[in-house]
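Worksheet for the structure shown next.
Numbering (the numbering used here), first residue to last: 469 to 694.
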C-alpha cells in the first residue's frame, strides 16, 4: 500500500474490537475504534498493546451519534476504506421459551442487526470515496441454520435465541447487500472469528489461523461471500 487506508471498527461488548484494530494497525491502516458505553470506558482505561487507534465514543442505536462519527471521519480523512461491524451483545444463554424476555431480545437486535443497517446507511457516502472499500460484518456460526441443525456441530446445543436469530438475520442482510453492492466498488463480507475452543460465554480470542483469514480478507485476497 502506498498510503494508509482508513478503517472503522465497532465495539460494544465482545472485546474483539481492540484485536481487530491492532491487526489493522499492523497492516497499514489508520484505525478509528468506535465503542459504546462500558466498552468505551474499558478501552479508555486499557493501555493495551497499541494505543495508535483513535477511540471514539459512539452510540450505535443513535442516528445522531453515528452522524457525529461520520463528521469526524470526513473532516479528518475525507473517505473510508473499511468498515468492520463488530459491535454486538449477547444475552439469554441457555434460556427456554418461558424464560425469554422480549425487551432483551429487542435490545440484542438493536445492536446486532439494526445498528449495522444504520451505520452502513450513514457511512456509505464515505465508503464510496474509499480505496477498494470493504464492509465486514462479524457474524457467528450460531446464526447458520444448516450448521445448527447438525447434531455433530460444536454449537448445536447452544440455546441463545436472541443472539442466534439476530446473527441469522445479519447473514441474510449481508447476502442481500452483497447483491445490491455488486455493481459498485463496495464489497461486503461476513466473517466469523470464533472457534469454540477459543470461546466461553464471556471471553473470546482470535487464534492465529483466524487472524490469517481476516488479513487475507482485508487484503482482498478472497471474494466476498455470496
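Ideal placement from N, C-alpha and C gives every residue a C-beta, glycine not left out. Bear in mind that the values here come from a model prediction, so they are computed numbers and not experimental data.
Just checking my contact of residue i with residue j at CB under 8 Å: how many whole Å lie between their CB atoms?
{"i": "residue 560", "j": "residue 572", "result": "6 Å"}
{"i": "residue 595", "j": "residue 654", "result": "5 Å"}
{"i": "residue 591", "j": "residue 634", "result": "The Cβ separation is near 21 Å, so there is no contact."}
{"i": "residue 514", "j": "residue 493", "result": "Their Cβ separation, rounded to whole angstroms, is 15 Å, which puts residue 514 and residue 493 out of contact at 8 Å."}
Buried or exposed for residue i, please, with buried defined as at least 16 other CB atoms from any protein chain shown within 10 angstroms of its CB.
{"i": "residue 640", "result": "exposed"}
{"i": "residue 541", "result": "buried"}
{"i": "residue 539", "result": "exposed"}
{"i": "residue 471", "result": "exposed"}
{"i": "residue 692", "result": "A caution first: residue 692 carries a pLDDT of 41, below 50, which makes its placement in the model unreliable, though a value can still be read off. Buried: at least 16 other Cβ atoms inside 10 Å."}
{"i": "residue 479", "result": "buried"}
{"i": "residue 713", "result": "The shown model of the chain, from 469 to 694, leaves out residue 713, and the question about it has no answer."}
If you reduce the DSSP assignment to three classes, tell me which class residue i lands in.
{"i": "residue 556", "result": "coil"}
{"i": "residue 666", "result": "With a pLDDT of 47 at residue 666, under the threshold of 50, the modelled position of this residue cannot be trusted; read the value that follows with caution. It is helical."}
{"i": "residue 615", "result": "helix"}
{"i": "residue 629", "result": "helix"}
{"i": "residue 548", "result": "coil"}
{"i": "residue 650", "result": "coil"}
{"i": "residue 532", "result": "helix"}
{"i": "residue 478", "result": "strand"}
{"i": "residue 484", "result": "coil"}
{"i": "residue 563", "result": "coil"}
From the DSSP secondary-structure annotation, give me the bridge partner or partners of residue i.
{"i": "residue 473", "result": "497"}
{"i": "residue 569", "result": "DSSP lists no partner for residue 569."}
{"i": "residue 655", "result": "602"}
{"i": "residue 523", "result": "501"}
Smallest Cα separation from residue i: which of the options?
{"i": "residue 530", "options": "491, 630, 505", "result": "505"}
{"i": "residue 578", "options": "536, 556, 532", "result": "556"}
{"i": "residue 437", "options": "486, 620, 625", "result": "In the structure as shown, the chain begins at 469 and stops at 694. Residue 437 is therefore absent and cannot be evaluated."}
{"i": "residue 511", "options": "483, 495, 535, 497", "result": "483"}
{"i": "residue 481", "options": "576, 622, 474, 681", "result": "576"}
{"i": "residue 612", "options": "598, 642, 585", "result": "642"}
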